């Protein structure tokens, strides 16, 4: 993974992916255009998860908490305080930063199974908190962010986030920013330390690295990315509800990442996209569509233990980041 | 996927990994293909397509199944009678998994892939609220059968209607006078600690107070609880009436533990049948409810004074005198709510006829035509009873039934007037642009 040739290839590939996504804005049929906008936002969620799970090897079962911190951090001030879209988005990210820093400081005192359980418990606390403050959050029923509040005024122009093309391009922009940010992180010295921690934390410590600080930075980065996805989801799709804080939304990013390939930069997108269409198509034929998803995961474990892109990297494209 | 059997039988067939992968890829391609088929525009004789957002899986599945049966029965009758504007009605079902995220995706799928004329039939409030923004943005009329106060509150948008079932605020307001006059004035409320429970919490207490009654305690139960014993001591000793509304599988435990807590010396009980929809009232453990009262939208058990329309409706949907399926006596229906699907479809029919609806280009006209409706007469189209519709808040108002559990049945002992459930509208959707 070194040398200029590889770097060029890596950036060319990621640039091409973004170019294709932008081009798809103009050719996709209406339905799939809308689907891809949603999938891109959720893929950002998966990328945030992947940073911690794939690169640091920390399996969290509480990432719904970070996603919904962004969702509520953006949605509540917009709904109750009349904030604009941009400050609301910043509010979502701020909420994600605060929550992930707090959780990181506490949960990183554990590792392995204990880390899973602690993150899951904190996420459950967060979920119940969203219900407890039902007067403001409307609990499980949630809130609708009205169309007219989801606009950005740019001088005389107005950017309407409910317009399908605008929404799609905003989703691509967020996705691209996250993609290149993760790419930069995993190729940086910090990223190398994270991988070293995953492979052997004791040895990394012995080499003189502060593994706690590195892990904490990773939890916060991961939390902020997930919160950005949550904030974008609220602002682009106009709904804020506690379902997104429930445990299934902690497990979904794990599945997306496993499917697409843990510790690959593009795997989360692939996994999210694939799973969306598997559910979308099979649910048209049977109500047992989760059985299909389950069977698919078993096939994955049998033949693609490293996920789709992880396997591709192992067998053919060794340079994939 | 004809070779699916071989697929899981790798040992015998000696299928290579490469072949399996090719098969997978081909299969995935095949499955994805229909999504890209362009659908042709509806012709004048083509069916009117109604997208039915159904809870086939998830917590709403028991309701969803009966919503689907009722919908199919009503559509069959409508089609037998010549359809809508001379066109047959076609129902297209998509499962939303009782999940608000999937709900929104399903609405988008109806609008832009199936190209349905409208979306219809959602029950659970969080799915309605989660789907409403998408319906509004895609400008597709969205007729829900949910009983939440969300539509009438004005917090959704102009494209969302609830014309076939009353909302919780109206229900609790209309039963309060009867509770105060017949059961007692000191009421303790037990309700689920989420939005559905809040509608009860927020609107029952003032309605009771207006009758000289008082809510002496409100006990919210978190949705994660599976045992309720620790909450029961919170019920004040001077409670005359225990008002309970629980949703989900916890209700059987709740009733059992309530029985153990009180023994024979219990306060009067008043509950919402929502808890026990699709559950046999004679199930073991529910004996404690004998002699207690329930709210019902439409009565589960056939009543002596049932109208001809009610009898015809029950026969068409396929429920017997006990409110269970005519083909399986153990399959208890969700009778108190599912009539809403039937009545909503007839409201849609009326609005489409009033607006001479032709296709998706007339959706805005359809919204205005629905808003212009004011009254529905009792009859085959509205077997639950006559109703009044408020076009400004997109909400219907109707009669409520209070039934007593006696002899293993629910007998209606009181029927409220429409006016009992009326309240001052807090919104006006008609001012929003179309």
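Residue numbers (the working numbering), protein chains in the order written: chain A, 4 to 324; chain B, -2 to 431.
Glycine included, each C-beta is placed from N, C-alpha and C at the ideal position.
Since we're looking at a predicted model, the values are computed, not measured.
Counting C-beta neighbours from all protein chains within 10 Å, is the total for residue 278 (chain A) 16 or more, i.e. buried, or is it exposed? buried
For the alpha helix (DSSP H) containing residue 196 (chain B), list its first residue and its last residue. Looking at the DSSP string, the run of the alpha helix (DSSP H) that includes residue 196 (chain B) is 192 to 206.
Contacting residues, own chain, Cβ-Cβ under 8 Å from residue 143 (chain A) (five flanking each side not counted): Once the five neighbours on either side are set aside, the close Cβ partners of residue 143 (chain A) are 134, 244, 245 and 246.
N- and C-terminal bounds of the alpha helix (DSSP H) containing residue 364 (chain B): 360 to 368
Starting from residue 55 (chain B), find everything on chain A with Cβ-Cβ shorter than 9 Å and list it in chain order. Those within 9 Å of residue 55 (chain B) in chain A number zero; the least Cβ separation is about 10 Å.
Does the beta-carbon of residue 398 (chain B) have 16 or more other beta-carbons within 10 angstroms, so that it is buried, or is it exposed? buried
So with CB distances below 8 Å, who are the chain B contacts of residue 240 (chain A)? 101, 130 and 131
Listing by chain order, which chain A residues have their CB less than 7 Å from the CB of residue 134 (chain B)? 150 and 165
Please report the distance separating the alpha-carbon of residue 44 (chain A) from that of residue 178 (chain A). 7 Å
Please report the straight-line C-alpha distance between residue 125 (chain B) and residue 156 (chain B), rounded to a whole angstrom. Each residue's alpha carbon lies about 12 Å from the other.
Whole angstroms is fine: what's the gap from residue 71 (chain B)'s alpha carbon to residue 354 (chain B)'s? 20 Å
N- and C-terminal bounds of the beta strand (DSSP E) containing residue 116 (chain B): 115 to 117
Are three or more beta carbon pairs between the region 87 to 104 of chain A and the region 54 to 65 of chain A nearer than 8 Å? no
Under 8 Å between beta-carbons, which chain B residues line up against residue 88 (chain A)? List them in chain order, please. Going along chain B, no residue has its Cβ under 8 Å from residue 88 (chain A), so there is no contact; the nearest lies around 15 Å.
Going by beta carbon distance, what residues of the same chain come within less than 8 Å of residue 317 (chain A), once the five residues before and after it are set aside? 309
Keeping to the same chain, check which residues put their C-beta closer than 6 Å to that of residue 370 (chain B); ignore five residues upstream and five downstream. 386
Taking residue 389 (chain B) as the query, report the chain A residues whose CB atoms sit under 7 Å from its CB, ordered along the chain. Going along chain A, no residue has its Cβ under 7 Å from residue 389 (chain B), so there is no contact; the nearest lies around 17 Å.
Along the region 176 to 197 of chain B, what residues have a CB closer than 8 Å to any CB found in chain A? 190, 191, 192, 193 and 195
I'd like the span of the beta strand (DSSP E) that includes residue 420 (chain B), first residue to last. Where residue 420 (chain B) is concerned, there is no enclosing beta strand (DSSP E), given that its DSSP letter is neither H nor E.
Tell me the DSSP bridge mates of residue 303 (chain B)? None; residue 303 (chain B) has no bridge partner.
Tell me, to the nearest whole angstrom, how far the beta carbon of residue 313 (chain A) is from that of residue 265 (chain A); I am working on the premise that it is less than 8 Å. That pair is a contact at about 6 Å.
Beta-carbon proximity of residue 296 (chain B) to residue 321 (chain B), cut-off 9 Å: no
Beta carbon of residue 236 (chain B) nearer than 9 Å to that of residue 252 (chain B): no
C-beta atoms of residue 197 (chain A) and residue 217 (chain A) nearer than 9 Å: yes
Between the CA atoms of residue 31 (chain A) and residue 451 (chain B) - distance to the nearest angstrom: Not covered by the structure: residue 451 (chain B). The range shown for chain B is -2 to 431.
So residue 250 (chain A) is in the alpha helix (DSSP H); what residue range does that whole segment cover? Judged by DSSP secondary structure, residue 250 (chain A) falls outside any alpha helix (DSSP H); it is assigned neither H nor E.
In three-state terms, what does DSSP make of residue 87 (chain B)? strand
Take every Cβ of the region 195 to 211 of chain A, pair it with every Cβ of the region 33 to 51 of chain A, and state whether three or more of those distances are shorter than 8 Å. no
Mind listing which residues of the region 232 to 258 of chain A have their C-beta closer than 9 Å to chain B's C-betas, in chain order? 236, 240, 241, 242, 244, 245, 246, 247, 251 and 252
Compare the C-beta of residue 418 (chain B) against all C-beta atoms of chain A and say whether one is closer than 9 Å. no
If we define contact as Cβ-Cβ less than 9 Å, is residue 190 (chain A) a contact residue for chain B? No - not a single Cβ of chain B is within 9 Å of the one on residue 190 (chain A).
Have a look at A:12, A:235, A:227 and A:299 and flag the residue whose alpha-carbon is nearest the alpha-carbon of residue 100 (chain A). A:227
Among B:412, B:52, B:373 and B:107, whose alpha-carbon lies nearest the alpha-carbon of residue 142 (chain B)? B:52
Which residue or residues does DSSP assign as beta-bridge partners of residue 379 (chain B)? B:376
Please state whether DSSP places residue 33 (chain B) in a helix, a strand or coil. Only weak support exists for where residue 33 (chain B) lies, its pLDDT of 42 falling under 50; the value from the coordinates is given anyway. Helix.
Contact list for the region 262 to 294 of chain A against chain B, Cβ threshold 7 Å: Contact residues of the region 262 to 294 of chain A toward chain B are 280, 284, 286 and 290 (C-beta to C-beta distance below 7 Å).
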